[in-house]
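Working notes, structure below.
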Amino acid sequence: VTLAIGVDVGGTKVLAAAVDTTDPTTILVSHRVPTPTRGPEIAAALVDAARHVLDEVAAKGLGPVAGVGVGLPGLVDLDGMLRAAPNLHGGVGAPIRGPLSDALGLPVVVDNDANCAAWAEVVAGAGRGASHVLLVTLGTGIGGGFVIDGRLHHGAHGFAGEPGHMVVDRAGPLCPCGRHGCWERYASGNGLGRLAREAAARGDAPGLAALAGGDAEAIRGEHVAAAARDADAGALAVFEEFGGWVGLGVANLVNLLDPDLVLVGGGLADVADLFLEHARAAFAGEVMGAADRVPARLEVATLGSDAGAIGAALLAVPAPLPPFAAR
Ligand SMILES: [Zn+2]
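Note that the sequence shown covers residues 6 to 332 in the numbering used here.
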């Protein structure tokens, strides 16, 4: 038994979890704290969450903890420093690894949160057995983690794997990153809400406006999902359009990197049944040489909202990879 703690830092909460790295899908102990809004307080919050878990692991006699992994929402350089983070105000440049390691007396690794989730899926989730796996997390925005030839791909500086900010329409809406028409303006939860508001403004989705209290501008992704569950035709059409945008971006990624498997994670994975077939159809229509290539499979990630913490723990104490499928 080799225990490790993974700490996943989200926009609103920090999840710390202890797992047995040889059987990481069961979270043994976990603790949540709110994400601080001021940068200098972030390291202290991570120490607090991890220490709670360490104390409970000790109280239950589960065994020694070998290391701590942290997943941060943004660009993390190879030294574990957060360099850009649109959703973690004040977190950029705040020391994380050193203070955490000093306070806990354990080795600490820091990586991007979606990289952590991708690693978790390859070691213990839907990516088991595949050597080339791209995870795209569809949530408020879009994150990504790419496993290439069995290794997490960091790029030259740690910043690889941000598919949400590939531009799919330069005349598209402004993105918080400063460019126009980024993929995450279309294929994220925010994008879903925007596609729905546009449909309602055209008069194509009367049921959606009613769900949002009669105000088409108040429509959010949650309203679209709820209406689609009630078989609202306008909402189902929005999901078809949404799936088309998902498939277009996936085709771009597959053209670049030729994976075995593309996994959809993040909050939208919970409603994948509403758009995944549309995404697969769009992908098949967009990817280069579709009729003549071995197609990448497009599937749903299986570790859910625990993936980031599990993957962070696995990165802290590397477990052997499961054997790759013969090829
Ligand atoms: Zn962008």
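Virtual Cβ for every residue (Gly too), placed ideally from N, Cα, C.
- Between ligand 1 and E189, a heavy atom-to-CB distance of less than 7 angstroms is present.
- Boundaries for H162: no beta strand (DSSP E) harbours it, and the DSSP string shows neither H nor E there.
- Note on R298: under 16 other CB atoms within 10 angstroms of its CB, so exposed under the neighbour-count rule.
- In this structure, R184 has its CB closer than 7 angstroms to one or more heavy atoms of ligand 1.
- CA-to-CA, the gap between A49 and A236 works out to about 47 angstroms.
- Taking C-beta separations shorter than 8 angstroms and ignoring five residues to either side along the sequence, the partners of V172 in its chain run R184, H185, G186, C187 and W188, following chain order.
- C-alpha of G316 to C-alpha of A240: approximately 34 angstroms in a straight line.
- For R184, there is no enclosing beta strand (DSSP E), as DSSP marks it with neither H nor E.
- Comparing alpha carbon positions, the residue from A22, E227 and G226 closest to A54 is A22.
- By the Cβ neighbour-count rule, G103 is exposed, with fewer than 16 other Cβ atoms within 10 Å of its own.
- Ranked by Cα distance from V138, the first of G249, G144, A125 and I147 is A125.
- For C121, the shortest C-beta to heavy atom distance toward ligand 1 is 7 angstroms or greater.
- The DSSP-derived three-state label of D278 is helix.
- An exposed status is given to A296, since fewer than 16 other beta-carbon atoms sit within 10 Å of its beta-carbon.
- Every unbroken stretch of the alpha helix (DSSP H) spanning 4 or more residues and falling wholly within the region 78-121 is given here in chain order: 102-109.
- Per DSSP, P211 lies in no beta strand (DSSP E) segment; the continuous alpha helix (DSSP H) that holds it begins and ends at P211 to L216.
- By the Cβ criterion, the region 81-96 is in contact with the region 159-173, since at least three pairs of Cβ atoms, one from each stretch, lie closer than 8 angstroms.
- Residue environment analysis places E222 among the exposed positions, since fewer than 16 neighbouring C-beta atoms fall within 10 angstroms of its C-beta.
- In this structure V141 is buried. Its beta-carbon is surrounded by 16 or more other beta-carbon atoms within 10 angstroms.
- Shown here, I224 sits in coil according to DSSP, grouped into three states, outside any helix or strand.
- With a cut-off of 7 angstroms, the C-beta of H170 is classified as near ligand 1, since at least one heavy atom of the ligand falls inside that distance.
- Here P45 carries a helix assignment [DSSP, helix/strand/coil].
- Looking only at G110, L33, V75 and H36, the smallest Cα-Cα distance to V12 is reached by V75.
- Judged by their CB atoms, S136 and D154 are nearer to each other than the 8 angstroms cut-off.
- Distance from the CA atom of V251 to the CA atom of A286, rounded to whole angstroms, is 10 angstroms.
- DSSP places L261 inside the alpha helix (DSSP H), whose first and last residues are A238 to L262.
- In the DSSP assignment, L8 falls within the unbroken beta strand (DSSP E) covering L8 to V14.
- In terms of Cβ geometry, A301 and V269 do not form a close pair [threshold 8 angstroms].
- Considering only P112, D220, F244 and V34, the residue with the shortest C-alpha distance to H283 is F244.
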